[in-house]
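Here's the structure, in structure tokens; my notes come after.
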Amino acid sequence: MSDKTVIVTGGGSGIGAAAGRRFAAEGAAVVVADLDQNAAAEVAARIGGGGGTATAVGADVSSEADCQAMAEVTLELYGRIDALYCNAGIPGVGTVVTAERSVWDRALNVMLTGTWLSMRAVLPSMVQRRSGSIIVQSSVAGIVGVKALAPYSAAKAGVLGLTRQAATDFAPFGIRVNAICPGTVPTPLVSGTLDAQIAAGLKTPRTHQEGLERALSHYPLRRLGEPDDIASMALFLASDESSWITGQHFTVDGGLTSS
Ligand code: NAD
3 MSDKTVIVTG GGSGIGAAAG RRFAAEGAAV VVADLDQNAA AEVAARIGGG GGTATAVGAD
63 VSSEADCQAM AEVTLELYGR IDALYCNAGI PGVGTVVTAE RSVWDRALNV MLTGTWLSMR
123 AVLPSMVQRR SGSIIVQSSV AGIVGVKALA PYSAAKAGVL GLTRQAATDF APFGIRVNAI
183 CPGTVPTPLV SGTLDAQIAA GLKTPRTHQE GLERALSHYP LRRLGEPDDI ASMALFLASD
243 ESSWITGQHF TVDGGLTSS
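Residue numbers (this note's numbering): 3 to 261.
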């Protein structure tokens with residue numbers, strides 16, 4: 003990844019923070035973009051403290067102006083955008099009947115529209131350079147039904163369609179677009195999802211611990227994911243190691259959806 007520049011949205015926490023650290027450890031300059039600017043600054047400072055190169059940018063991916071500014075700052079600082087990891091995400095709890103309209107709208111705005119706007123901001127410079135890799139964060143909830151996650155599942159399935167579509171349009175320009183579908187990785191997003199499910203009486207677990215233990219019982223590899231499990235796939239897809247792969251999604255889920 004030496005001499006490459008990567009933008010990670012939602013880079014201030016969880017999987018995005020792990021990916022930022024991995025990209026930087028492999029020699030990339032990393033733009034850590036997050037709605038939570040302080041969290042982004044902390045991650046960038048830790049990367050810098052370890053000898054890597056990183057810059058924090060405050061950006062709400064559901065805002066077109068923020069996405070454009072994120073791309074402009076990256077180009078000003080580093081002159082190129084080699085990869086974009088569209089990773090920012092939020093919970094989206096409820097069935098088709100019980101989901102609140104505001105939760106539905108926000109889930110779609112951040113995870114589907116936000117992915118579109120982030121791609122849209124970086125693609126012109128990638129087209130100009132005839133090169134680039136875009137990695138889209140979907141979920142196992144984008145490929146199989148998961149109870150009481152209608153807004154989240156709709157957004158995560160939507161980005162898989164967008165991945166294949168954008169891969170088709172931009173392959174002639176040497177730009178690859180692929181998605182990752184992670185299984186459960188305990189992060190603040192998963193805690194927020196469990197909180198919302200418990201509060202709405204949508205799941206029988208009464209505590210996070212109970213919810214995570216119940217999830218774990220479905221994982222053939224007998225552990226939940228670590229942020230680095232997903233970051234490894236993001237690194238592969240961002241790098242030239244995956245140069246003949248586009249329009250695909252890769253499930254990283256400890257075997258969950260295979261059994
Ligand atoms: P996380 O809560 O640790 O991190 C999400 C980050 O996104 C946070 O730093 C948050 O501030 C940021 N963010 C939220 N809204 C934003 C916005 N509008 N603009 C910019 N940044 C915003 O969660 P995570 O588990 O690391 O999630 C990362 C991605 O992985 C999400 O897209 C999530 O849906 C996906 N995912 C997670 C899991 C899991 O089990 N953790 C499973 C499948 C998919």
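Where is the CB? At the ideal position from N, CA and C, for every residue including glycine.
The model shown is predicted, which means the values in this text are computed figures rather than measured ones.
Inter-residue Cα distance where the pair is residue i and residue j
| i | j | result |
| --- | --- | --- |
| T100 | W106 | 10 Å |
| L16 | A173 | Note that residue 16 is Gly in the sequence shown here, rather than Leu. Going by the C-alpha atoms only, they are around 30 Å apart. |
| L266 | V10 | Nothing about residue 266 can be reported from this structure: the residues present for the chain run from 3 to 261 only. |
| A43 | S120 | 20 Å |
| E243 | R131 | 19 Å |
| A31 | T76 | 10 Å |
| A202 | Y154 | 16 Å |
| T206 | G96 | 14 Å |
| S65 | Q167 | 22 Å |
| G213 | L114 | 27 Å |
| P184 | G81 | 31 Å |
| D147 | E215 | The residue asked about is misnamed: residue 147 is Gly in this sequence, not Asp. G147 and E215: Cα-Cα distance of roughly 20 Å. |
Buried/exposed call for residue i, threshold 16 Cβ in 10 Å
| i | result |
| --- | --- |
| K158 | buried |
| T117 | buried |
| D171 | exposed |
| R208 | exposed |
| R23 | buried |
| R103 | exposed |
| S4 | exposed |
| Q199 | buried |
| G51 | exposed |
| L79 | exposed |
| G14 | buried |
| A47 | exposed |
| P229 | buried |
| N180 | buried |
| N89 | buried |
| V98 | exposed |
| S245 | exposed |
Residues bridged to residue i [DSSP beta-bridge criterion]
| i | result |
| --- | --- |
| I137 | Y87 and N180 |
| D36 | G60 |
| H251 | A181 |
| T11 | A35 |
| T55 | A31 |
| L151 | G96 |
Selection from the options that minimises the alpha carbon distance to residue i
| i | options | result |
| --- | --- | --- |
| D36 | T57, A43, G12 and A20 | G12 |
| G249 | A201, Q211, V138 and E228 | V138 |
| D110 | P93, A123, L125 and P126 | The question names Asp, yet the displayed sequence has Leu at residue 110. The shortest C-alpha separation from L110 is found at P93. |
| A165 | D62, H251, H210 and A61 | Per the sequence presented here, residue 165 reads as Thr, with Ala not at that position. Ranking D62, H251, H210 and A61 by Cα distance to T165 puts H251 first. |
| I247 | V98, N89, G60 and S135 | S135 |
| E28 | A47, A19, K6 and Q39 | K6 |
| P222 | Q211, G256, H210 and G51 | G256 |
| L218 | A123, M113, V187 and F175 | V187 |
| T189 | N180, L204, I177 and H210 | H210 |
| V112 | V34, D68 and L204 | D68 |
| G60 | G54, G53 and Q70 | Q70 |
| V129 | G176, V142 and G160 | G176 |
| L204 | I182, A19, A150 and F25 | A150 |
| V254 | S241, A240 and S234 | S234 |
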